[in-house]
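Below is one structure, written out as structure tokens, with a few remarks after it.
Numbering (our numbering), first residue to last: 12 to 600.
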């Protein structure tokens, strides 16, 4: 009986050990560590207090105490307005953040210290809510505010981290020579708030400020400006929706904010005209780069070269020219050019000027031209563009890097194969683009047919350029998209005046362009083979009728060409296209 009792006790003890080891020493499962911390740092105290008056002008320090350890994720995100020559410095000490202002402040001035999304907790990186600290070196705090949005002038998409600046200096060049009277930076939605400012007229500018000096650098930064002065009329209150902190991932909340002004950011076109750069690309090819657009070139000569051997090509903006020299004899390493063009003189006026310049082969270019790869390059690098969904409108586009000496379209085969696998050779047109150098277009002489397959064959030696290089054989296959699931949009364009318009079908986020038309009269535009989704139209007013978008100029107070988004009668911009649906819509310009 003793042996039985002992055996039973051993069995019970073994079972308990197994149970204990399973629950307390399971090496296969990692400890959970508890739920993930998703709570951002909480601000407990500020020293000196927010809205402090009569702050000293020198050696200013502001301390923020949080409920947990924080880190500075983006030191440049801490922004002082009005800005000083040196940006504030930030240092973490325990659970406190100490901000030091390094410059002497102006007297009787209201300042804001915007922390943006600069702070996060030390463990999970949860961003602290955006906070703006306000103080004054005088007896009062200014109480007005301004809201707005900065958009890309062409895409009409928001641009983040742009400096928006207010100037009480009303001269045209204020943003290039002085610091703003108040400023801030746009958030992820291109939205900005400039708060605690005076109720007085301001000029409004926005610029990229690449060197972070709080001034516009012409030729480097992009810029936007308001055509008229703005006097703030709204008063800062805690209950104002736009002044509250926002999570940049909360789309609905961020889009619900109202803007008082909208600024269009553009890359300024230079106004002073002169030869900015020049050089030789190879023995027969060189370029001249002008500083400004719309160059007026009266004459162009190369000493010792007959004009019939020279081919020139200006970019659409007319700010750069490439030229080729096709001679039977070798050219010297240096060519002497004679230009007569409208150049800006010392008084800032355009005057017809004759100028001689030399373009030479660099040592690097000589080495490249003498390399084995250059000697073996006997083929033209032709670029073929043909999209099934756009071929009815655009046809086939061929782009050649250098002028063609000869080409024979008789050797090109355009073959149509019907659903019964019967082939037929069909006619086509081949034409040179009037506006783009080296670009040619092929169009079928009859409508494309659904269910047919098409093949275009370019035999070797169809094209030869001035270097004697030839194309290699190439084949393009074409088949109209299946219409079983696609839809279409027909746009009835009305009210076209004396201007030209560029009409683009774009995605709802404005980042993808599906079709482009140039319109100079009332017409009907057809956009077939569209997948179900959201679309909108972007319309550019082509004021100078050159077929491209033209930017603005600050000192001339010239805004870029106007770009708008199509709007439905209810004010929305988005056209919802269901599957297998054809939509017809009016657009009255």
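By construction, the Cβ of each residue, glycine as well, lies at the ideal position given by its N, Cα and C atoms.
For residue i: DSSP bridge partner residues
i, result
"residue 452", "408 and 442"
"residue 511", "553"
"residue 297", "291 and 334"
"residue 162", "169 and 275"
"residue 322", "335"
"residue 208", "155"
"residue 83", "130"
"residue 147", "121"
"residue 363", "353"
Rounded distance between the beta-carbons of residue j and residue i, thought under 8 Å
i, j, result
"residue 418", "residue 473", "6 Å"
"residue 444", "residue 511", "About 17 Å separates the two Cβ atoms, so there is no contact after all."
"residue 546", "residue 518", "7 Å"
"residue 201", "residue 271", "Not really, about 14 Å apart at Cβ, beyond 8 Å."
"residue 148", "residue 116", "5 Å"
"residue 103", "residue 124", "With a Cβ gap of about 16 Å, residue 103 and residue 124 do not count as contacting."
"residue 390", "residue 482", "7 Å"
"residue 184", "residue 566", "7 Å"
"residue 408", "residue 393", "Residue 408 to residue 393, Cβ: 11 Å. No contact."
"residue 347", "residue 367", "6 Å"
"residue 316", "residue 301", "About 21 Å; that fails the 8 Å criterion."
"residue 476", "residue 411", "7 Å"
Euclidean distance between Cα positions of residue i and residue j
i, j, result
"residue 35", "residue 268", "Residue placement at residue 35 cannot be trusted, given a pLDDT of 43 that sits under 50; what the coordinates show is reported in the next sentence. Near 54 Å, if we compare the C-alpha coordinates of residue 268 and residue 35."
"residue 192", "residue 179", "6 Å"
"residue 278", "residue 197", "18 Å"
"residue 540", "residue 587", "15 Å"
"residue 599", "residue 531", "13 Å"
"residue 182", "residue 127", "30 Å"
"residue 173", "residue 275", "11 Å"
"residue 71", "residue 62", "14 Å"
"residue 294", "residue 449", "19 Å"
"residue 79", "residue 131", "10 Å"
"residue 422", "residue 460", "24 Å"
"residue 282", "residue 562", "12 Å"
"residue 305", "residue 261", "45 Å"
"residue 349", "residue 307", "14 Å"
"residue 253", "residue 157", "10 Å"
"residue 597", "residue 163", "26 Å"
"residue 464", "residue 436", "12 Å"
"residue 256", "residue 140", "6 Å"
"residue 120", "residue 152", "8 Å"
"residue 403", "residue 467", "15 Å"
"residue 37", "residue 50", "Here the model assigns residue 37 a pLDDT of 43, short of 50, so the residue's position is not dependable and the matter cannot be decided."
"residue 328", "residue 549", "21 Å"
"residue 32", "residue 133", "Note that residue 32 has pLDDT 46, beneath the 50 cutoff, so the model's placement of it is unreliable and the number below is only indicative. When rounded, the distance between both Cα atoms is 36 Å."
"residue 186", "residue 335", "43 Å"
"residue 23", "residue 56", "Since pLDDT at residue 23 reaches only 49, below the 50 mark, its modelled position is unreliable, and the value read off the structure follows with that caveat. Near 60 Å, if we compare the C-alpha coordinates of residue 56 and residue 23."
"residue 166", "residue 507", "22 Å"
Reference residue i, options the options, closest by Cα
i, options, result
"residue 218", "133, 397 and 190", "190"
"residue 323", "271, 304, 80 and 299", "299"
"residue 88", "358, 138, 119 and 59", "138"
"residue 420", "264, 595, 302 and 453", "453"
"residue 345", "377, 522, 356 and 366", "377"
"residue 589", "503, 581, 495 and 99", "495"
"residue 188", "226, 194 and 211", "226"
"residue 337", "321, 352 and 325", "321"
"residue 373", "228, 297, 427 and 309", "297"
"residue 429", "489, 370 and 500", "489"
Exposure label - residue i; buried when at least 16 CB within 10 Å
i, result
"residue 575", "exposed"
"residue 524", "exposed"
"residue 233", "buried"
"residue 108", "buried"
"residue 471", "exposed"
"residue 90", "buried"
"residue 41", "Residue placement at residue 41 is flagged as unreliable, the pLDDT there being 43, under the threshold of 50; the coordinate-derived value follows with that caveat. The residue in question, residue 41, is exposed, as its Cβ has fewer than 16 Cβ neighbours within 10 Å."
"residue 244", "exposed"
"residue 533", "exposed"
"residue 206", "buried"
"residue 273", "exposed"
"residue 284", "buried"
"residue 583", "exposed"
"residue 280", "buried"
"residue 440", "exposed"
"residue 195", "buried"
"residue 406", "buried"
"residue 354", "buried"
"residue 314", "exposed"
"residue 39", "Note on residue 39: pLDDT 42, under 50, position unreliable in the model; no value is reported."
Any chain D beta carbon closer than 7 Å to residue i
i, result
"residue 526", "Considering every chain present, this structure includes no chain D. It has just one protein chain."
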